[in-house]
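Input: a single structure, listed below in structure tokens.
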Amino acid sequence: MFEVERIRVSYGAAPAISEVSIRVGAGELACVVGPNGAGKTTLINAIAGLHPIEAGALRMDGRDLSRLPRHAFCGEGIAIVPEGRRLFAGMSVRENLELGSYRRAARARRGASLERVCDVFPVLRERLEQAAGTLSGGEQQMLAIGRALMAQPRLLLLDEPSLGLAPAVVLAVFDVIREINASGVAVLLVEQNAALALELAARAYVLEEGRIAAEGRPAELLARPHIRRAYLG
Amino acid sequence: MALPSLTLLGQSLLSGLFIGALYGLLGLGLSLSWGMLRQINLAHFALAFLGAYLTYQLAGAGINPLATLAVIVPCFFALGALMHWLLARFSVSALVTFGLTAIIEALIQWIWTADFRRMESGYSDVKFRVGALYVALPELLTLAMALALSLAVWAWLRHTYTGKAMRAIAEDAPIAAAFGVDVHGLSLLLSGLCAAFAGVAGLSLALSYTLAPGQIYAWLGVVFAAVMLGGLGNPLGPLVAGIVIGVSEALTMAFTAPAWAPLVSFSLLIVVLLARPGRI
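Each protein sequence line maps, in turn, to chains P and E. Heads up, the first sequence is in the numbering used here, so the first residue is 38 and it goes up one at a time. Heads up, the second sequence is in the numbering used here, so the first residue is 282 and it goes up one at a time.
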């Protein structure tokens with residue numbers, strides 16, 4: 038369904054990632070693991086349209102997205118849960134969710150989406166009128182995921198959803214990610230917590246120094262001793 | 282120090298309220314583009330005076346001053362959007378807007394000369410008597426326009442999808458774009474609106490004041506104080522803070538001497554900045 042084809046993204050003169058190709062099938066859960074600074078966030082931001090790509094292509098069902106303006110990526114069914122959540126902190130929980138369904142097609146189903154998100158995250162229903170910045174870390178992560186779900190995505194991008202959360206909250210968040218994927222939404226997960234990500238994913242990529250160092254089914258990757266050593270300690 | 286009479290006090294409060302409304306009207310567009318687009322538009326004051334001179338010119342041709350808004354508002358909207366497009370296209374510093382101020386000032390001086398100009402209209406001399414106090418129609422119009430625009434912007438930002446998207450841009454423009462908000466388009470819209478508000482403030486200036494090109498700079502300090510005091514990007518802030526400053530100035534003038542008035546606005550600003558740091 039979704040393909041990244043040999044893309045290069047640079048900050049200034051230095052390429053952050055180059056020759057990176059990955060694939061996410063319809064309804065599939067894929068993950069990208071790798072050390073800090075490998076370019077994971079750059080990759081996921083490029084896929085969301087947050088950062089322009091210099092070479093290569095992003096294809097959704099064969100259509101090239103790389104020339105589209107930033108705000109058109111959402112309309113192609115791509116929604117992001119960015120690193121550090123990046124909520125609209127001064128706005129209410131409800132307004133954050135409403136902005137998730139900003140584009141016209143998602144707006145039409147706003148009521149139903151809001152119900153669904155509140156069913157998945159009951160704590161958000163109690164806090165709809167509260168400012169997003171006043172939520173706890175776990176609640177903010179839930180709201181960031183909820184905001185992305187409001188966009189009715191076909192491909193959900195998650196950047197380090199476990200970052201800064203208590204272990205119990207991390208498990209709850211990953212349960213939700215599993216449920217979302219089970220409902221038919223393709224997921225691309227970027228995670229430093231490789232053990233968790235590899236357990237969940239059907240396909241995995243290892244990103245090192247801006248290049249894909251290995252790819253395959255998680256079980257295959259874990260069978261390679263150096264990957265096991267590097268990522269599972 | 283002699284205490285002023287009650288009538289003088291009441292009249293001072295009223296005039297403070299009305300000048301505060303003008304501070305608010307002048308500050309509205311400045312605060313919105315600064316707070317939401319991170320663009321400090323120093324040319325805002327020059328635009329307001331350009332609007333004032335245009336109102337003066339059109340009114341001189343026999344057009345009702347209020348009706349001139351039908352021409353000025355759309356023209357200034359287009360001008361503001363064009364300015365934003367140019368600034369974004371060539372990604373130049375906000376200091377360019379200061380240069381633009383000088384250019385507009387020179388333009389005004391070239392067309393209307395540096396002589397004082399006073400708009401003659403049916404409104405200028407209309408006064409209402411309320412008890413022992415007088416209320417001038419132009420000042421009442423200023424207050425009404427400032428209230429109407431501030432409240433309309435507040436409602437727009439609070440209750441419409443476009444307005445919420447605008448607030449989202451102010452908080453995190455790239456993420457807003459990732460959810461389908463056309464950041465560039467909405468920024469053009471807001472810049473156009475801010476310039477249109479400068480045009481409306483121009484009408485108020487022309488109704489109540491004698492115009493001279495050098496006056497552009499006279500408003501800068503106190504309106505900036507109102508904008509910062511009111512909280513950047515807060516649509517009701519400039520009006521509320523403007524009235525607070527206006528009334529404090531008027532009371533200072535009534536109790537001491539007019540020369541002390543400017544001290545008030547900046548003392549207020551410093552006190553608020555000290556008491557609530559990090560607000561700007």
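Even glycine gets a Cβ: it sits at the ideal position worked out from N, Cα and C.
CA-CA distance, Leu-298(E) to Val-528(E), rounds to 6 angstroms.
Under the DSSP assignment, Ser-548(E) falls outside any beta strand (DSSP E), being part of the alpha helix (DSSP H) whose first and last residues are 542-556. Straight-line spacing of the CA atoms in Thr-441(E) and Ala-359(E) works out to 23 angstroms. Within the same chain, and ignoring the five residues on either side of Pro-89(P) in sequence, no residue has its Cβ closer than 6 angstroms to its Cβ.
Residues of the region 447-459 of chain E with a Cβ closer than 8 angstroms to any Cβ of chain P, in chain order: Arg-448, Ala-449, Glu-452, Asp-453, Pro-455, Ile-456, Ala-457, Ala-458 and Ala-459.
For the C-beta of Ala-223(P), not a single chain E residue is nearer than 7 angstroms; the gap to the nearest is close to 17 angstroms.
Against chain E, a Cβ distance below 9 angstroms from Leu-87(P) picks out Pro-455, Ile-456, Ala-458 and Ala-459. For Leu-432(E) and Val-373(E), the gap between their C-alpha atoms comes out near 32 angstroms. Just measuring C-alpha positions, the residue of Pro-106(P), Leu-165(P) and Ile-59(P) sitting nearest Gly-253(P) is Ile-59(P). Under the three-state reduction of DSSP, Ile-59(P) is assigned to strand. Cα atoms of Ala-329(E) and Ala-499(E): separation of roughly 12 angstroms, rounded to the nearest angstrom. It is roughly 13 angstroms from the alpha-carbon of Val-434(E) to the alpha-carbon of Gly-473(E).
Think of a sphere of 7 angstroms around the beta carbon of Arg-164(P): no beta carbon from chain E falls inside it, the nearest being about 18 angstroms out. If you check the CB distance, Ser-55(P) and Gly-247(P) come in under 8 angstroms. Collapsing the DSSP output to three states places Asp-156(P) in a helix.
Just measuring C-alpha positions, the residue of Gly-518(E), Val-553(E), Arg-557(E) and Ser-548(E) sitting nearest Gly-301(E) is Gly-518(E).
Of all alpha-carbon atoms in Val-553(E), Ala-493(E) and Ala-506(E), the one lying nearest the alpha-carbon of Leu-311(E) is that of Ala-506(E). Listed in chain order, the beta strand (DSSP E) elements of length 3 or more contained wholly in the region 44-98 of chain P are 51-61, 66-70 and 92-97. Contact between Leu-237(P) and Ile-214(P) holds: CB atoms are separated by about 7 angstroms, below the 8 angstroms threshold. A residue is called buried when at least 16 other Cβ atoms come within 10 angstroms of its Cβ; His-365(E) meets this threshold and is buried. DSSP places Leu-309(E) in the uninterrupted alpha helix (DSSP H) bounded by 287-318. Within 10 angstroms of the beta-carbon of Ser-220(P) lie fewer than 16 other beta-carbons, which makes it exposed. With a contact defined as Cβ atoms closer than 8 angstroms, Gln-229(P) and Glu-197(P) qualify at about 6 angstroms. Per DSSP, reduced to three states, the secondary structure at Asp-453(E) is helical.
Secondary structure note for Phe-409(E): its beta strand (DSSP E) is the uninterrupted segment 408-411.
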